[in-house]
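Student: With the first letter of the sequence shown counted as 1, position 152 gets the number 243 in our numbering; the numbers rise by one all the way through. Ideal Cβ positions, reconstructed from N, Cα and C, are used throughout, including at glycine.
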Amino acid sequence: MSDQIAALLLAWYDRHARTLPWRGINDPYRTWVSETMLQQTRVETVISYYERFLNRFPTVTALAEAPEEEVVKLWEGLGYYSRARNLHKGAKQVAETYGGLLPTDVDSLRKISGIGPYTAGAIASIAYRQPVPAVDGNVIRVVSRLAGIRENVGIPSVRRALEAAAGLLIPAERPGDFNQALMDLGSAVCTPGTPACERCPLQAKCDAYAAGDAEDLPVLPRKNPPKVIEYTLCLVFSGDRVLMRQRSESLLHGLWVFPMLEGKLSLRQAPAQIRKQLRLVPEEIVPAGEARHVFTHQIWEMTLLTMQVQEGEKAPAGYRFVTGDEMASLTVPTAVKAAVKVVRDRWQKKLPEQV
Ligand code: SF4
């Protein structure tokens with residue numbers, strides 16, 4: 092049965108596989124970089140980042156020797172920056188422990204920073220041709236439907252059963268292609284909600300198709316809704332500089348943002364709060380729009396205010412007044428891109444949009 096599934100899926104993959112820059116090469120480092128970038132990110136977005144990254148860091152050693160800021164800067168706009176930091180940390184580990192060559196077995200791979208069970212499986216199967224599973228969200232969906240797993244896949248024993256079922260499907264020949272085919276099937280055919288079973292090469296072998304309950308699978312753990320947090324972003328100008336700080340919090344750690352005061356402050360409330368929290372005396376406070384950014388567990392709803400302080404006024408502890416050139420060299424998260432636009436417009440002597 093599993094042989095037939097592998098043959099059908101590989102035949103489908105041979106006809107439908109997308110040509111992507113990280114396919115058809117046997118380089119574990121490139122698989123590692125691409126699989127790390129592809130987590131939570133669309134293929135179309137990843138392609139240009141992947142090419143830029145590999146041009147700059149063609150080997151594990153080149154990545155290991157680079158300063159972290161440069162690695163994070165190249166990641167700018169891709170989000171989930173801890174991926175970049177862990178990849179860099181992992182490259183240093185591989186350079187020091189394995190002379191720059193990624194180990195071949197899954198257990199050693201999993202000990203490297205930034206390599207979880209999925210990425211270890213992807214590297215071992217794609218680059219080293221080992222018949223091991225690489226279970227991501229797509230694979231969970233396909234295998235739970237195919238094998239008819241109707242229990243909550245968040246329960247460890249169910250998850251283990253699903254991984255075992257995925258492992259049994261993998262052929263000794265072309266295990267990497269098989270894993271990639273499973274991922275492609277999950278993203279293009281066996282999609283969340285209503286899958287396109289009429290186009291599926293595995294229809295005749297699928298338990299959920301036969302039972303007519305594919306739409307109900309997989310049974311996923313209930314997620315907590317993301318927490319909505321309101322912030323007032325203070326774009327504080329001093330001459331031709333704007334006030335920023337490097338985040339020390341785990342979310343967007345090390346990235347540069349503008350002062351963010353909790354809550355949606357009105358023009359009447361803002362001066363006192365800015366004096367109290369930033370120890371600055373702001374003048375000409377002007378509304379500059381609203382922005383929203385959705386993270387996995389949080390949603391930021393931001394009110395933007397521009398203001399200025401006397402030139403020469405000292406930046407509060409932990410903050411710096413930066414010029415336009417300095418800001419361009421810092422890594423600023425997409426979450427505050429609306430604020431960056433307001434700052435740039437002002438530097439170009441345009442008036443910020445009024446609310
Ligand atoms: Fe998914 Fe339908 Fe194919 Fe089953 S038949 S694997 S539910 S697309």
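#1: Tell me whether Arg236, by its Cβ, gets closer than 7 Å to a heavy atom of the ligand SF4.
#2: Identify whether Thr422 lies in helix, strand or coil by the three-state DSSP scheme.
#3: In whole angstroms, give me the CA-to-CA distance for Ile320 and Arg250.
#4: Since Tyr120 contacts Val151 with CB under 8 Å, what's their CB separation in whole angstroms?
#5: Is Asn456 helix, strand or coil by DSSP?
#6: Can you check DSSP and say which residues form a bridge with Arg332?
#7: From the DSSP secondary-structure annotation, give me the bridge partner or partners of Ala382.
#8: State the DSSP-derived secondary structure class of Trp438, mapped to helix, strand or coil.
#9: Is there contact here, the region 363-379 with the region 404-422, by at least three beta-carbon pairs under 8 Å?
#10: My output table needs one value for Arg411: the three-state DSSP class, helix, strand or coil.
#11: State the Cα-Cα distance for the pair Val423 and Glu167, rounded to the nearest angstrom.
#12: Are the CB atoms of Asn229 and Pro312 within a distance shorter than 8 Å?
#13: DSSP state of Tyr140, grouped into three classes?
#14: In terms of residue numbering, what span does the beta strand (DSSP E) encompassing Leu352 cover?
#15: Quick check for students: name the residue ranges of the alpha helix (DSSP H) that lie wholly in the region 112-138, counting only runs of 4 or more.
#16: To the nearest angstrom, how far is the alpha carbon of Arg437 from that of Leu253?
#17: Looking at the strands, I want to know which residues DSSP matches up with Trp347.
#18: Quick check on Pro247: buried or exposed, where buried means 16 or more other Cβ atoms within 10 Å of its Cβ?
#19: Does DSSP put Gln221 in a helix, a strand or coil?
#20: Heavy atom of the ligand SF4 less than 7 Å from the Cβ of Leu293, yes or no?
#21: Helix, strand or coil, according to DSSP, for Val377 in the structure here?
#22: Could you pull the start and end residues of the alpha helix (DSSP H) that Thr210 belongs to?
#23: Please work out which residues of its chain come closer than 7 Å, Cβ to Cβ, to Asn177, disregarding the five sequence neighbours upstream and downstream, and give them in chain order.
#24: Under a Cβ-count criterion, where at least 16 other Cβ atoms within 10 Å of its own Cβ denotes burial, should Glu142 be classed as buried or exposed?
#25: Report the residue from Lys428, Thr397, Ile376, Ser420 whose alpha carbon sits nearest the alpha carbon of Val385.
#26: Is the closest heavy atom of the ligand SF4 to the C-beta of Tyr300 under 7 Å?
#27: Using CA atoms only, rank isn't needed, just tell me which of Val185, Gly190, Tyr219 is closest to Asp196.
#28: Give me the residue from His179, Glu135, Gly170 with the minimum Cα distance to Glu156.
#29: By the DSSP assignment, the alpha helix (DSSP H) with Leu311 in it spans what residues?
#30: Quick one: is Gly181 buried, meaning 16 or more other Cβ sit within 10 Å of its Cβ, or exposed?
#31: Given Val310, which residues of its chain have a CB within under 7 Å of its CB, disregarding the five upstream and five downstream residues?
#32: Return the bridge partner residues of Asn243 from the DSSP annotation.
#33: Using a Cβ-Cβ cut-off of 8 Å (strictly less than) and excluding sequence neighbours within five positions of His388, which residues of its own chain qualify?
#34: Could you give the C-beta distance for Leu326 and Ala419, rounded to a whole number, given that I count them as a contact under 8 Å?
#35: Indicate, with yes or no, if the ligand SF4 has a heavy atom lying under 7 Å from the CB of Pro286.
#36: Report whether the distance from the Cβ of Val244 to the nearest heavy atom of the ligand SF4 is below 7 Å.
Tutor: In terms of the structure at hand:
#1: Here the question's residue 236 lines up with position 145 in the sequence shown. For the ligand SF4, at least one heavy atom lies less than 7 Å from the Cβ of Arg236.
#2: Position 331 of the sequence shown holds residue 422. In this structure, Thr422 counts as coil in the three-state DSSP scheme.
#3: Position 229 of the sequence shown, counted from the start, is the residue given in the question as residue 320. Position 159 of the sequence shown, counted from the start, is the residue given in the question as residue 250. Approximately 33 Å between the Cα atoms of the pair.
#4: To locate residue 120, count along the sequence shown from 1; it is residue 29. To locate residue 151, count along the sequence shown from 1; it is residue 60. Correct: roughly 5 Å between the Cβ atoms.
#5: In the structure displayed, the chain extends from 92 to 446; residue 456 sits before or after that span and is not available.
#6: For the purposes of this step, residue 332 is identified with residue 241 of the sequence shown, where counting begins at 1. According to DSSP, Arg332 bridges with Ser329.
#7: Here the question's residue 382 lines up with position 291 in the sequence shown. Note: Ala382 sits in a beta bridge opposite Met393.
#8: In the sequence shown, counting from the first residue as 1, residue 438 sits at position 347. In the structure shown, Trp438 sits in a helix (DSSP, three-state: H, G or I).
#9: yes
#10: Taking the first residue of the sequence shown as 1, we reach residue 411 at position 320. Three-state result, Arg411: strand.
#11: Against the sequence shown, residue 423 aligns to sequence position 332. Against the sequence shown, residue 167 aligns to sequence position 76. So the two alpha carbons sit approximately 7 Å from each other.
#12: Here residue 312 refers to the residue found at position 221 of the sequence shown. Here residue 229 refers to the residue found at position 138 of the sequence shown. No, these two residues do not count as a Cβ contact at 8 Å.
#13: In the sequence shown, the residue the question calls residue 140 occupies position 49. Tyr140: helix per DSSP, three-state reduction.
#14: The count along the sequence shown starts at 1 and reaches residue 352 at position 261. Here the beta strand (DSSP E) through Leu352 covers 351-353.
#15: 119-129
#16: Translated into the one-based positions of the sequence shown, residue 437 becomes position 346. Translated into the one-based positions of the sequence shown, residue 253 becomes position 162. When rounded, the distance between both Cα atoms is 55 Å.
#17: Looking up residue 347 in the sequence shown gives position 256. Note: Trp347 sits in a beta bridge opposite Gln337.
#18: Counting from one through the sequence shown, the residue named residue 247 turns up at place 156. It is exposed - the Cβ of Pro247 has fewer than 16 other Cβ atoms within 10 Å.
#19: Indexing the sequence shown from 1 puts residue 221 at position 130. The answer is coil: DSSP assigns Gln221 none of H, G, I, E or B.
#20: Locating residue 293 in the sequence shown gives position 202, where the first residue counts as 1. Checking the Cβ of Leu293 against the ligand SF4 gives yes.
#21: As a position in the sequence shown, residue 377 is number 286, starting the count at 1. The answer is strand: DSSP assigns Val377 an E or B state.
#22: Here the question's residue 210 lines up with position 119 in the sequence shown. Taken as a continuous stretch (DSSP letters only), the alpha helix (DSSP H) holding Thr210 covers 208-213.
#23: Working through the sequence shown from its first residue, we reach residue 177 at position 86. Within the same chain, Asn177 has close Cβ partners Ser204, Gly205.
#24: Indexing the sequence shown from 1 puts residue 142 at position 51. For Glu142, the number of other beta carbons within 10 angstroms of its own is below 16, and it is reported as exposed.
#25: As a first step, residue 385 must be located in the sequence shown, where it is residue number 294. The candidate whose alpha carbon is nearest that of Val385 is Lys428.
#26: For this step, residue 300 is matched to residue 209 along the sequence shown. For the ligand SF4, at least one heavy atom lies less than 7 Å from the Cβ of Tyr300.
#27: Reading the sequence shown from its first residue, position 105 is the one you call residue 196. When each option's Cα is compared against that of Asp196, the closest is Tyr219.
#28: Sequence index remark: in the sequence shown, residue 156 carries index 65 (1-based). Closest by alpha carbon: His179.
#29: As a working mapping, residue 311 is identified with position 220 in the sequence shown. Run containing Leu311: none; DSSP gives neither H nor E here.
#30: Locating residue 181 in the sequence shown gives position 90, counting from the first residue. Buried, because 16 or more other Cβ atoms sit within 10 Å of the Cβ of Gly181.
#31: On the sequence shown, position 219 is the one that residue 310 refers to. For Val310, where only same-chain residues beyond five positions count, the Cβ hits under 7 Å are Arg241, Glu242, Asn243, Val244.
#32: Looking up residue 243 in the sequence shown gives position 152. According to DSSP, Asn243 bridges with Val310.
#33: Within the sequence shown, the letter at position 297 stands for residue 388. The residues are Asn315, Pro317, Lys318.
#34: Indexing the sequence shown from 1 puts residue 326 at position 235. Indexing the sequence shown from 1 puts residue 419 at position 328. At roughly 16 Å, the Cβ-Cβ gap does not stay under 8 Å, so Leu326 and Ala419 are not in contact.
#35: Numbered from its first residue, the sequence shown carries residue 286 at position 195. Here the distance from the Cβ of Pro286 to the nearest heavy atom of the ligand SF4 is below 7 Å.
#36: Indexing the sequence shown from 1 puts residue 244 at position 153. No; taking the cut-off as 7 Å, the Cβ of Val244 has no heavy atom of the ligand SF4 nearer than that.
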